[in-house]
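Right, one structure below, let's go through it.
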Amino acid sequence: MQLPVNFGRGRGVSSRIFVVSLGCLLVNAAALDRTTEQGEASIADPDQECAPYDYPPVSSQTNSFPPGWMTASILSSDSAASAKWNSISANIPTNIDPQTQPPSSSYPSDDPACWWTYNQCTTPKLAGLPPDVATVPEPSTLGYGFDDGPNCSHNVFYDFLASQNQKATFYFIGSNVQDYPLEAQRALADGHEICAHTWSHPYMTTLSSEAAFAEIWYSMQMIKLAVGVTVTCWRPPFGDVDDRIRSIANALGLQTIMWEYDTEDASVDGKTITDQTVVDNYNNFISTAGNGTFNSTGVILLTHELNNFTMSEAITYYPQLTSVIQHLVPVGVALNKTQPYVETNFSLPTFAQYIAGTRTTTGSRLSNATTTSSTAPSTSASESPSSSSSPSPAASSNAAFKVTEFSYGPHLLFLLLTLCIFGF
Ligand SMILES: [Zn+2]
Numbered sequence: 000m001q002l003p004v005n006f007g008r009g010r011g012v013s014s015r016i017f018v019v020s021l022g023c024l025l026v027n028a029a030a031l032d033r034t035t036e037q038g039e040a041s042i043a044d045p046d047q048e049c050a051p052y053d054y055p056p057v058s059s060q061t062n063s064f065p066p067g068w069m070t071a072s073i074l075s076s077d078s079a080a081s082a083k084w085n086s087i088s089a090n091i092p093t094n095i096d097p098q099t100q101p102p103s104s105s106y107p108s109d110d111p112a113c114w115w116t117y118n119q120c121t122t123p124k125l126a127g128l129p130p131d132v133a134t135v136p137e138p139s140t141l142g143y144g145f146d147d148g149p150n151c152s153h154n155v156f157y158d159f160l161a162s163q164n165q166k167a168t169f170y171f172i173g174s175n176v177q178d179y180p181l182e183a184q185r186a187l188a189d190g191h192e193i194c195a196h197t198w199s200h201p202y203m204t205t206l207s208s209e210a211a212f213a214e215i216w217y218s219m220q221m222i223k224l225a226v227g228v229t230v231t232c233w234r235p236p237f238g239d240v241d242d243r244i245r246s247i248a249n250a251l252g253l254q255t256i257m258w259e260y261d262t263e264d265a266s267v268d269g270k271t272i273t274d275q276t277v278v279d280n281y282n283n284f285i286s287t288a289g290n291g292t293f294n295s296t297g298v299i300l301l302t303h304e305l306n307n308f309t310m311s312e313a314i315t316y317y318p319q320l321t322s323v324i325q326h327l328v329p330v331g332v333a334l335n336k337t338q339p340y341v342e343t344n345f346s347l348p349t350f351a352q353y354i355a356g357t358r359t360t361t362g363s364r365l366s367n368a369t370t371t372s373s374t375a376p377s378t379s380a381s382e383s384p385s386s387s388s389s390p391s392p393a394a395s396s397n398a399a400f401k402v403t404e405f406s407y408g409p410h411l412l413f414l415l416l417t418l419c420i421f422g423f
């Protein structure tokens, strides 16, 4: 499904069209506010939303983070990161070597490291580690969530979720948060749950332990800087986790969230995985759910906020998902995890509260952060994925999102925009 493109639908040239269209553009430009979460959330045009902007509370701290989309390492100037690593490193196993990707034939078949990529293992073999969350305990429940955001054109998708009063879990990439901090803020403001999804989206088991730490650490720090919360959950990119990586995440206070079903929506290559593959996967999942497979234990389905296609498919299949699964809830809600962040000023509803209609409790809608502290340059222009199978940077995947919705301004402004949108 592609969302409708309603701009520029001509009905013949007239001076009225020109005047109204020009007025629309001028009013729109004047109304654009790219300094606050609310302002950025009101931008409906994906090209406008994806254009880089400077958000000084984040851009002024660029030197405190690794380069965007590069495998992270602990910065020599970062005493806090070094201290944290030094405090946990003694407990990270040294008898599990970095893995090769894909798994080599020499990896032991008894899967001693509980390597998900090898065998979909989610119950650690290393003592003291909790099992991954790969299902949710509530019957007929989908732990609803999306990886790889924040995507710079996500307002249409988030508007859709808001229109359904639907909350979800978003697994954010630190480099994306750095480029689009106001988009990241919107997730919290809308009452969604945020988890980390590393700094640059690498295969985590291939990294040294210190680099794996840095990948998680800096994604957490960037979410804290941009959004104001310290996350307590993460999802490894590609699901690539083993007990060595789990022990690092666990030492950072993170629950590892996996999945059992995959739409493969982020894996379309036009060859082995096509758009039709994704359609088939959605339909198969929906028929599996319709057969009562999740009537005793809920399920987690892998879907993405990666691009127009993945978000459009999520919108397309939302009605069918809700028709075959009773409850679509953030993973944290399904787990009754009412305090999703280290900070105590934000809480999620319990599962019972959520399904009874209470979709937010405290902490929604951030107050405006200051935007006057610095004019350090943005790093948006330099981003690139770390490998061909990594998600594309958000700015390159804005595709064709266009919508008819504007929510700000006085009545005259509304009238003007409506006339413009409908092509008068
Ligand atoms: Zn991902």
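Here numbering that gives the first Met the number 0 is used: the first residue of the sequence shown is 0, the next is one more, and so on. For every residue, glycine included, the Cβ atom is placed at its ideal position computed from N, Cα and C.
query: Thinking C-alpha only, which one of Glu304, Thr99, Thr262, Gln177 is nearest Glu224?
result: Numbered from its first residue, the sequence shown carries residue 224 at position 225. One detail in the question is off: residue 224 reads as Leu in this sequence, not Glu. The shortest Cα separation from Leu224 among Glu304, Thr99, Thr262, Gln177 belongs to Gln177.
- prompt: Quick one, are the C-beta atoms of Val323 and Val135 less than 8 Å apart?
  reply: Position 324 of the sequence shown holds residue 323. Position 136 of the sequence shown holds residue 135. Not closer than 8 Å, so no.
task: Alpha carbon to alpha carbon, how far is Pro65 from Tyr117? Give it in angstroms, no decimals.
output: Mapped onto the sequence shown, residue 117 falls at position 118. Mapped onto the sequence shown, residue 65 falls at position 66. Each residue's alpha carbon lies about 30 Å from the other.
query: Measuring CB to CB, does Leu204 end up less than 8 Å from Ala265?
result: For the purposes of this step, residue 204 is taken as the residue at position 205 of the sequence shown. For the purposes of this step, residue 265 is taken as the residue at position 266 of the sequence shown. Going by the sequence as given, residue 204 is Thr instead of Leu. Cβ atoms of Thr204 and Ala265: not closer than 8 Å.
query: What's the call for Thr197, buried or exposed, on a 16-neighbour Cβ count within 10 Å?
result: As a first step, residue 197 is located in the sequence shown; it is residue number 198 there, counting from the start. Thr197 is buried by the Cβ-count criterion.
- prompt: How would you write the range of the beta strand (DSSP E) that Ile272 sits in, first residue to last?
  reply: The residue you call residue 272 lines up with position 273 of the sequence shown. No beta strand (DSSP E) holds Ile272; DSSP gives it neither H nor E.
message: Between Ser162 and Glu48, how many whole angstroms is the CB-CB distance? I'm expecting something under 8 Å.
response: As a first step, residue 162 must be located in the sequence shown, where it is residue number 163. As a first step, residue 48 must be located in the sequence shown, where it is residue number 49. With 8 Å as the limit, Ser162 and Glu48 do not qualify as a contact, their Cβ atoms being about 18 Å apart.
query: DSSP on Leu305, reduced to helix/strand/coil?
result: Within the sequence shown, residue 305 is the residue found at index 306, counting from 1. Coil, per DSSP.
query: In three-state DSSP terms, what is Trp115?
result: Taking the sequence shown and counting its residues from 1, the one referred to as residue 115 is at position 116. If DSSP states are grouped into helix, strand and coil, Trp115 belongs with the helices.
- prompt: Buried or exposed: which applies to Gln275, given that a residue is buried once 16 or more other Cβ atoms fall within 10 Å of its Cβ?
  reply: Your numbering for residue 275 matches position 276 in the sequence shown. So Gln275 counts as exposed.
message: I need the residues with a C-beta less than 5 Å from some heavy atom of ligand 1; please give them in chain order.
response: Asp146, Asp147, Pro236
message: For Gln100, tell me which candidate among Phe345, Ser246, Tyr202, Pro138 has the shortest Cα-Cα distance.
response: Within the sequence shown, numbered from 1, the residue matching residue 100 stands at position 101. When each option's Cα is compared against that of Gln100, the closest is Tyr202.
- request: Drop a sphere of 10 angstroms on the beta-carbon of Asp279, count the other beta-carbons inside from all chains shown, and report buried for 16 or more, exposed for fewer.
  value: In the sequence shown, counting from the first residue as 1, residue 279 sits at position 280. Label assigned to Asp279: exposed.
Inter-stretch contact (C-beta, 8 Å, three-pair minimum) for the stretch 250 to 257 and the stretch 231 to 242: Judged by Cβ distances under 8 Å, the stretch 250 to 257 makes contact with the stretch 231 to 242, as three or more pairs qualify.
Reference Phe284; option with closest CA among Thr140, Phe169, Ile95, Thr262: If you number the sequence shown from 1, residue 284 lands on position 285. Looking at the Cα atoms, Thr262 is the closest of the given residues.
query: Among residues of its own chain, excluding the 5 on either side of Tyr52, which ones have a beta-carbon nearer than 6 Å to its beta-carbon?
result: Numbered from 1 along the sequence shown, position 53 holds the residue referred to as residue 52. The residues are Arg33.
Short CB-CB distance (under 8 Å) between Ile354 and chain B: The structure shown contains no chain B, having only a single protein chain.
query: In whole angstroms, what separates the C-alpha of Thr357 from that of Ala351?
result: In the sequence shown, residue 357 corresponds to position 358, counting from 1. In the sequence shown, residue 351 corresponds to position 352, counting from 1. Taking the straight line from one Cα to the other gives about 9 Å.
field: Closest by C-alpha distance to Ala133, when choosing among Asp96, Pro235, Leu187
entry: Within the sequence shown, residue 133 is the residue found at index 134, counting from 1. For the residues Asp96, Pro235, Leu187, the minimum Cα distance to Ala133 belongs to Pro235.
Contiguous alpha helix (DSSP H) assignments of at least 4 residues, all confined to the stretch 177 to 216: Complete alpha helix (DSSP H) runs here, min 4: 180 to 188.
CB-CB length for Leu301 against Tyr260, believed under 8 Å: Within the sequence shown, residue 301 is the residue found at index 302, counting from 1. Within the sequence shown, residue 260 is the residue found at index 261, counting from 1. Confirmed, Cβ separation roughly 7 Å.
query: Counting Cβ pairs, one atom from each stretch, are 3 or more of them under 8 Å apart for the stretch 142 to 151 and the stretch 117 to 126?
result: no
- request: Sort Glu214, Ala167, Pro138, Asp44 by Cα distance to Ala195 and report the nearest one.
  value: Here residue 195 refers to the residue found at position 196 of the sequence shown. Answer by Cα proximity: Glu214.
- prompt: In three-state DSSP terms, what is Leu125?
  reply: As a position in the sequence shown, residue 125 is number 126, starting the count at 1. Coil at Leu125, not helix or strand.
field: Cross-strand partners of Thr361 (DSSP beta bridge)
entry: Within the sequence shown, numbered from 1, the residue matching residue 361 stands at position 362. Looking at the DSSP assignment, Thr361 forms a beta bridge with Ser346.
message: So, at 7 Å on beta carbons, what are the nonlocal neighbours of Ala248 in its own chain, with the 5 sequence-adjacent residues on each side left out?
response: The residue you call residue 248 lines up with position 249 of the sequence shown. Same-chain partners within the cutoff: Ile215, Trp233, Thr255.
message: Can you give me the C-alpha to C-alpha distance between Pro130 and Gln338, rounded to a whole angstrom?
response: As a working mapping, residue 130 is identified with position 131 in the sequence shown. As a working mapping, residue 338 is identified with position 339 in the sequence shown. So the two alpha carbons sit approximately 20 Å from each other.
- request: Compute the Euclidean distance between the alpha carbons of Pro425 and Glu209, then round it to the nearest angstrom.
  value: Nothing about residue 425 can be read from this structure; the chain reaches only from 0 to 423.
Range covered by the alpha helix (DSSP H) that runs through Phe159: Against the sequence shown, residue 159 aligns to sequence position 160. Its alpha helix (DSSP H) spans residues 154 to 162.
query: Ordered along the chain, which non-local residues of its own chain (more than five positions away) have a Cβ less than 8 Å from that of Ser81?
result: Reading the sequence shown from its first residue, position 82 is the one you call residue 81. Result list for Ser81: Ile73, in chain order.
task: Give me the Cα-Cα distance between Ser104 and Thr140, rounded to the nearest whole angstrom.
output: The sequence position of residue 104 within the sequence shown is 105, counting from 1. The sequence position of residue 140 within the sequence shown is 141, counting from 1. Near 38 Å, if we compare the C-alpha coordinates of Thr140 and Ser104.
task: Grab me the residues of Ala288's own chain with a C-beta within less than 7 Å of its C-beta, minus the 5 sequence neighbours each way, in chain order.
output: To locate residue 288, count along the sequence shown from 1; it is residue 289. If we look at Ala288 and ignore the five residues flanking it on each side, its Cβ neighbours are Val323, Ile324.
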